[in-house]
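Report on the structure given below.
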Amino acid sequence: MSNIESTFFDIGTMDTISRQDTFVHRLDPRIKVLTTLVFIVCVVSFGKHDISALVPFLVYPLFLVVLGDLPIAYLLRKLTFAAPFAVLIGIFNPLLDREVLLQIGAVGISGGWVSFMSILLRFTMTVGAALILIATTGYHSVCMALEKMGVPQVFVVQLLFLYRYLFVLVDEASRMVRARSLRSFQGKGLGMGVFGSMAGHLLLRTTGRAQRIHLAMLCRGFEGTIRPFHPLRVRGWEVMFLLGWSVLFVMMRLYNGPRLLGTWIQGFIS
Amino acid sequence: MHMADALISPAVGGTLWAASAGLIGYSSRKVKQDMDDRRIPLMGVLGAFIFAAQMINFTIPGTGSSGHLGGGMILAILLGPAAAFLTLASVLTVQALFFADGGLLALGCNIFNLGFFPCFVAYPLIYRPVVRGKVSQRRLVIGATLSAVLGLQLGALGVVFETFFSGISDLPFVTFLLMMQPIHLAIGIVEGLVTAAVVVFVWKAKPETLELSGALKPAGTSSFKRVLAGLLMAAAMAGGFISWFASTHPDGLEWSISRSTGQEELEPPKSGLYSWLADLQEKTAFLPDYGFRGSKKEEAGDAWPAVDPGTSLSGLLGGALTLIALVLIGVLLKRRKKHHVQH
Numbered sequence: 007m008s009n010i011e012s013t014f015f016d017i018g019t020m021d022t023i024s025r026q027d028t029f030v031h032r033l034d035p036r037i038k039v040l041t042t043l044v045f046i047v048c049v050v051s052f053g054k055h056d057i058s059a060l061v062p063f064l065v066y067p068l069f070l071v072v073l074g075d076l077p078i079a080y081l082l083r084k085l086t087f088a089a090p091f092a093v094l095i096g097i098f099n100p101l102l103d104r105e106v107l108l109q110i111g112a113v114g115i116s117g118g119w120v121s122f123m124s125i126l127l128r129f130t131m132t133v134g135a136a137l138i139l140i141a142t143t144g145y146h147s148v149c150m151a152l153e154k155m156g157v158p159q160v161f162v163v164q165l166l167f168l169y170r171y172l173f174v175l176v177d178e179a180s181r182m183v184r185a186r187s188l189r190s191f192q193g194k195g196l197g198m199g200v201f202g203s204m205a206g207h208l209l210l211r212t213t214g215r216a217q218r219i220h221l222a223m224l225c226r227g228f229e230g231t232i233r234p235f236h237p238l239r240v241r242g243w244e245v246m247f248l249l250g251w252s253v254l255f256v257m258m259r260l261y262n263g264p265r266l267l268g269t270w271i272q273g274f275i276s
Numbered sequence: 615m616h617m618a619d620a621l622i623s624p625a626v627g628g629t630l631w632a633a634s635a636g637l638i639g640y641s642s643r644k645v646k647q648d649m650d651d652r653r654i655p656l657m658g659v660l661g662a663f664i665f666a667a668q669m670i671n672f673t674i675p676g677t678g679s680s681g682h683l684g685g686g687m688i689l690a691i692l693l694g695p696a697a698a699f700l701t702l703a704s705v706l707t708v709q710a711l712f713f714a715d716g717g718l719l720a721l722g723c724n725i726f727n728l729g730f731f732p733c734f735v736a737y738p739l740i741y742r743p744v745v746r747g748k749v750s751q752r753r754l755v756i757g758a759t760l761s762a763v764l765g766l767q768l769g770a771l772g773v774v775f776e777t778f779f780s781g782i783s784d785l786p787f788v789t790f791l792l793m794m795q796p797i798h799l800a801i802g803i804v805e806g807l808v809t810a811a812v813v814v815f816v817w818k819a820k821p822e823t824l825e826l827s828g829a830l831k832p833a834g835t836s837s838f839k840r841v842l843a844g845l846l847m848a849a850a851m852a853g854g855f856i857s858w859f860a861s862t863h864p865d866g867l868e869w870s871i872s873r874s875t876g877q878e879e880l881e882p883p884k885s886g887l888y889s890w891l892a893d894l895q896e897k898t899a900f901l902p903d904y905g906f907r908g909s910k911k912e913e914a915g916d917a918w919p920a921v922d923p924g925t926s927l928s929g930l931l932g933g934a935l936t937l938i939a940l941v942l943i944g945v946l947l948k949r950r951k952k953h954h955v956q957h
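Sequence lines, in order, name chains A and B. So the first sequence is numbered by my numbering: it starts at 7 and just counts up by one. So the second sequence is numbered by my numbering: it starts at 615 and just counts up by one.
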């Protein structure tokens, strides 16, 4: 399970990336959350065979990656980790839809391949947008933005708590896994029985920890809210950021720029 | 079985977002009403526990492969439906944000599939009636296993419906159903047994842990509820088993695919649902321009009217150029920025 372990270390990496101080990182989290949502809805609303019209949308993730100084190779690697489900379901399209949609010389490309490519492109952009949101904003700020936008406080507190104890418990679990694998030979002791008592132990320790945390919190005056350190404030030009991008997304949704460009060039050549 | 943004349409994503948001609101109110503030840190830590427990994997007997805990049912058993739902929703949110599991629009679907069914269907209809009143190891095992199976079957069904109504994937409804249900029956049984193992361990070591959920308090269950639970369970088991046989039998699969086109030839109850849904979809222009899948020819005819190789080629050309231009802009910006930093 070194795989999962390394993805957990990734959380730490994302956290570090999100603590940079760039133009994008300084934007109000609410602005970034809303812009990301508009972006995702626009991307997802395209027809299943659209590819060319989707391409211009790459401008938004690219813009954030560059101005936010994000490690692009790292983000792409994360994307490939997550790809399996979309690819697994999407790969049936080429098998099921064999109608030729596009003819390039002697090669005919079926509608299935076109829609599969479209799925991959959508996947890259939507999931990429979510990763970029976290990488430029940080989990804590996203949660605060959610609260300001009307998400119930209980749920926001839950999100913050979960994140805070994630690291502790993951460390504990990985120690347990290491201890078990050091003691198991030829696959013995890796079954469901041992798992039951291991996870059970972890659970008992977890609830014990929750109790201690609760007492400690009560001692410090906890009454159900976690207060932000920096108060959030939206400035005028940040609203322009949101509006500008939204207008651009809607325009790109309505007009297929690349096709217009392609037609123009074809006309120019001939 | 996380749903992905790439496979859903805005209508489906939006609808399930609304549903999940409503459930989060309801659960939040419920948790607040209970005023048991011990539960707040417990929920947070148990959410983290689900991640941690997923790191411990185990071998599944007879298959040689390994699995890990899903966790929906365990949370419901330990926390009760409302608090478990919130916890699970938070786990899925973190997965969507950090592990790119699914995506933000599909988050609504995922919360609904993996949270609503175990917490608000399987738990009150199966687990609570089975374990209610008198706790014993056997009851815990039966309750946990059956409810995990039911929860996962319904969740898988949710994925199938969402994928189908979005119309991005070409998979026919029945084929996809036959793929998903048997796999998730197997997963559900393993998940159920593992859940039971953990719950029984905790119950033996520290019985009061289970009390927090209020599951042990004898609560009146109407006989109607019991009948409904039985029917649901039977349907879930049957769905998984029957489609299993159908899918291991190639003729059966082909048969069902060919039948997936002719609605009236399916068995009566299904055809009722089918035609009703098809009707509904025709009436709501809101949903994608996608009828219940007809034969392939029909689909090529009307699913995408604007197929013209010429415009497709210009699209390709223009798309490629746009992409190149974007990458160039990116590289230039990056260069400029570095330059800027050095000075």
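For each residue, glycine too, the CB sits at the ideal point set by N, CA and C. All values derive from a computational prediction rather than experimental measurement.
(request) Give a yes or no on whether the minimum CB-CB distance between L260 of chain A and chain B is below 7 Å. (result) It does not: the Cβ of L260 of chain A has no partner Cβ on chain B nearer than 7 Å.
(message) Whole angstroms are fine: how far does the CA of F45 of chain A sit from the CA of R186 of chain A?
(response) Just so you know, the alpha carbons of R186 of chain A and F45 of chain A end up roughly 45 Å apart.
(message) Please confirm whether G202 of chain A has its beta-carbon closer than 7 Å to some beta-carbon of chain B.
(response) So yes, G202 of chain A belongs to the interface.
(message) For L76 of chain A, tell me which candidate among A:H220, A:L137, A:G53 has the shortest Cα-Cα distance.
(response) Comparing Cα positions, the closest option is A:L137.
(request) Could you run through the region 646 to 666 of chain B and flag, in chain order, every residue whose CB is less than 7 Å away from some CB of chain A? (result) K646, D651, R652, I654, P655, L656, M657, G658, V659, L660, G661, A662, F663, F665, A666: these are the residues of the region 646 to 666 of chain B whose beta carbon lies less than 7 Å from some beta carbon of chain A, given in chain order.
(message) Relative to the C-alpha of A151 of chain A, which candidate in A:V49, A:N262, A:K38 has its C-alpha closest?
(response) For the residues A:V49, A:N262, A:K38, the minimum Cα distance to A151 of chain A belongs to A:K38.
(request) Using a Cβ-Cβ cut-off of 7 Å, state whether L792 of chain B counts as contacting chain A. (result) L792 of chain B is outside the set of residues whose beta carbon lies under 7 Å from a beta carbon in chain A.
(request) Verify whether the separation of the beta carbon atoms of S704 of chain B and Q164 of chain A is less than 7 Å. (result) Between S704 of chain B and Q164 of chain A, the CB-CB gap stays under 7 Å.
(message) With H, G and I counted as helix, E and B as strand and the rest as coil, what does DSSP make of F672 of chain B?
(response) Strand.
(message) Could you compute how far the alpha carbon of D34 of chain A sits from the alpha carbon of V240 of chain A?
(response) Rounded to whole angstroms, D34 of chain A to V240 of chain A spans 6 Å at the Cα level.
(message) Using beta carbons (cut-off 7 Å, strictly below), is S783 of chain B in contact with chain A?
(response) Yes, its Cβ sits closer than 7 Å to a Cβ of chain A.
(request) Select from A:Y171, A:T143, A:R215 the residue whose C-alpha is nearest the C-alpha of F29 of chain A. (result) Nearest option by C-alpha distance: A:T143.
(request) Rounded to whole angstroms, what's the CA-CA distance from W869 of chain B to H616 of chain B? Just pull it up for me. (result) Caution applies to W869 of chain B, whose pLDDT of 38 falls short of 50 and renders its modelled position unreliable; the model cannot decide the point.
(request) Establish whether the CB of G268 of chain A and some CB of chain B are separated by less than 7 Å. (result) With 7 Å as the cut-off, G268 of chain A counts as an interface residue toward chain B.
(message) I need the DSSP call for V157 of chain A, collapsed to helix, strand or coil.
(response) DSSP, read as helix, strand or coil, puts V157 of chain A in coil.
(message) Under 7 Å, CB to CB, which of the residues in the region 709 to 738 of chain B have a partner in chain A?
(response) Answer set for the region 709 to 738 of chain B: A710, L711, F712, F713, A714, D715, G717, L718, L719.
(request) Use the C-beta contact count for R36 of chain A: other C-beta atoms within 10 angstroms, 16 or more gives buried, fewer gives exposed. (result) It is buried - the Cβ of R36 of chain A has at least 16 other Cβ atoms within 10 Å.
(request) Could you have a look at Q164 of chain A and say whether DSSP puts it in helix, strand or coil? (result) Three-state result, Q164 of chain A: helix.
(message) Please classify V110 of chain A as buried or exposed, where buried requires at least 16 neighbouring CB atoms within 10 angstroms.
(response) The sequence given here places Ile at residue 110 of chain A; Val does not occur at that position. When all chains shown are included, I110 of chain A counts as exposed.
(message) I'd like the list of long-range same chain contacts for G905 of chain B, defined as Cβ closer than 6 Å, with 5 residues on each side in sequence excluded.
(response) Residue placement at G905 of chain B is flagged as unreliable, the pLDDT there being 34, under the threshold of 50; the coordinate-derived value follows with that caveat. No residues qualify anywhere along the chain.
(message) Give me the residue from A:T42, A:L43, A:L168, A:M123 with the minimum Cα distance to S783 of chain B.
(response) Ranked by how close their Cα comes to the Cα of S783 of chain B, the residues A:T42, A:L43, A:L168, A:M123 have A:M123 in first place.
(request) Round the Cβ separation of F129 of chain A and A92 of chain A to the nearest angstrom and send it over; I've been treating them as touching at under 8 Å. (result) Contact holds; Cβ gap of about 4 Å.
(request) Rounded to whole angstroms, what's the CA-CA distance from G596 of chain B to F726 of chain B? Just pull it up for me. (result) This structure cannot settle anything about residue 596 of chain B, because the visible part of chain B is limited to 615 through 957.
(request) Return the CA-CA distance between D648 of chain B and V162 of chain A, expressed in angstroms with no decimal places. (result) Rounded to the nearest angstrom, the two C-alpha atoms are 18 Å apart.
(message) Here's the rule I'm using: 16 or more other beta-carbon atoms within 10 Å means buried, otherwise exposed. How should E881 of chain B be labelled?
(response) Its pLDDT being 38, under 50, E881 of chain B is placed unreliably in this model, and the value from its coordinates should be taken loosely. So E881 of chain B ends up on the exposed side.
(message) Using CA atoms only, rank isn't needed, just tell me which of B:L702, B:A635, B:I691 is closest to I664 of chain B.
(response) It is B:L702 whose Cα lies nearest to the Cα of I664 of chain B.
(request) Please name the residues in the region 759 to 785 of chain B whose beta-carbon is closer than 8 Å to at least one beta-carbon of chain A, in chain order. (result) From the region 759 to 785 of chain B, only T777, G781, I782, S783, D784, L785 have a Cβ closer than 8 Å to chain A.
(request) Report the neighbours of F815 of chain B on chain A: residues whose CB is nearer than 7 Å to its CB, in chain order. (result) Contacts between F815 of chain B and chain A, judged by CB atoms closer than 7 Å, involve G202, S203, G206 in chain order.
(message) On the DSSP letters alone, give me the boundaries of the beta strand (DSSP E) that V735 of chain B sits inside.
(response) From DSSP, V735 of chain B is part of no beta strand (DSSP E); its letter is neither H nor E.
(message) Output needed in chain order: residues of the region 180 to 199 of chain A with a Cβ under 9 Å from some Cβ in chain B.
(response) Under the 9 Å Cβ criterion, the region 180 to 199 of chain A contributes S180, M182, V183, R186, G193, L196, G197, M198, G199.
(request) Starting from the beta carbon of S121 of chain A, find every residue of chain B whose beta carbon is closer than 8 Å, and list them in chain order. (result) Result: I782, D784.
(message) Using CA atoms only, rank isn't needed, just tell me which of A:T86, A:V71, A:R170 is closest to I943 of chain B.
(response) Comparing C-alpha distances from I943 of chain B to each of A:T86, A:V71, A:R170 shows the shortest one belongs to A:V71.
(request) Identify the contact partners of G944 of chain B in chain A, using a Cβ-Cβ distance below 7 Å as the criterion. (result) Taking a Cβ-Cβ threshold of 7 Å, the residues of chain A close to G944 of chain B are L68, V72, in chain order.
(message) Can you tell me whether I110 of chain A is helix, strand or coil according to DSSP?
(response) Three-state result, I110 of chain A: strand.
(message) Since F672 of chain B and L196 of chain A should fall inside the 8 Å C-beta cutoff, what is the C-beta to C-beta distance between them, to a whole number of angstroms?
(response) Yes, F672 of chain B and L196 of chain A are in contact; Cβ-Cβ is about 6 Å, under 8 Å.
(message) Could you check whether G757 of chain B and V744 of chain B sit closer than 7 Å to each other, using their CB atoms as the reference points?
(response) Result yes, Cβ atoms of V744 of chain B and G757 of chain B sit closer than 7 Å.
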